[in-house]
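All residue numbers for the sequence shown refer to my numbering, where the first residue is 2 and numbers rise by one.
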Amino acid sequence: MKNSVLFVIRLVLIWLYSYVAFSKWFSFGQFVHDMHNQPFARWLADTLIGVLPLLELAVAVLLFFPKLVIWGFRLSVVLMGLFTVYVGAVLLGVFNRVPCACGGFLSGLGWGQHLAVNLVLLVVSVLGLYLQKNTEMKEMHA
């Protein structure tokens with residue numbers, strides 16, 4: 002049962018990260034516009050434009066290969082944690098303006114709904130990491 006849950010979590014996250022990475026590349030002009038609309042310094046937005054899709058695709062690739070799965074879950078937890086903190090900061094009014102809740106995958110959602118989705122995906126990533134660690138520990142002691 003645990004292996005089935007772990008497999009489903011991997012599939013969901015592989016699909017999610019692949020989808021968001023490729024959607025950024027296929028709608029690159031919109032992605033650049035959306036990133037420049039965020040309350041970041043221009044240099045940070047430009048850096049994220051280059052790095053985010055690559056990191057998202059890296060998570061999908063790492064989760065695909067059994068020997069690299071643990072690294073995929075770790076990177077997913079870090080990314081979802083950072084995304085969730087950012088959305089929380091927007092909701093808490095940390096920034097002097099509220100940017101659009103852009104993003105192809107969640108474009109129809111407000112910031113509160115965006116936070117809820119991110120929290121669910123963060124929990125899923127943490128659960129995947131936990132289950133993967135347990136699986137690897139059992140395999141080492143078998």
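Just so it is clear, CB atoms sit at the ideal spot from N, CA and C, and this is done for glycine as well.
For residue 46, the enclosing alpha helix (DSSP H) begins and ends at 43-65. Straight-line measurement puts the Cα of residue 64 at about 17 Å from the Cα of residue 82. The distance from the Cβ of residue 136 to that of residue 116 is about 30 Å, inconsistent with a contact at the 8 Å cut-off. Secondary structure at residue 75: helix, using DSSP grouped into helix, strand and coil. Segment contact: the stretch 93-100 against the stretch 57-72, fewer than three CB-CB distances shorter than 8 Å; contact not assigned. Counting other Cβ atoms within 10 Å of its Cβ, residue 126 reaches 16 or more and is therefore classed as buried.
The C-beta separation of residue 128 from residue 10 comes to about 7 Å, placing the pair in contact by the 8 Å criterion. In terms of CA proximity to residue 122, 75 leads the group 75, 26 and 90. Collapsing the DSSP output to three states places residue 30 in a helix.
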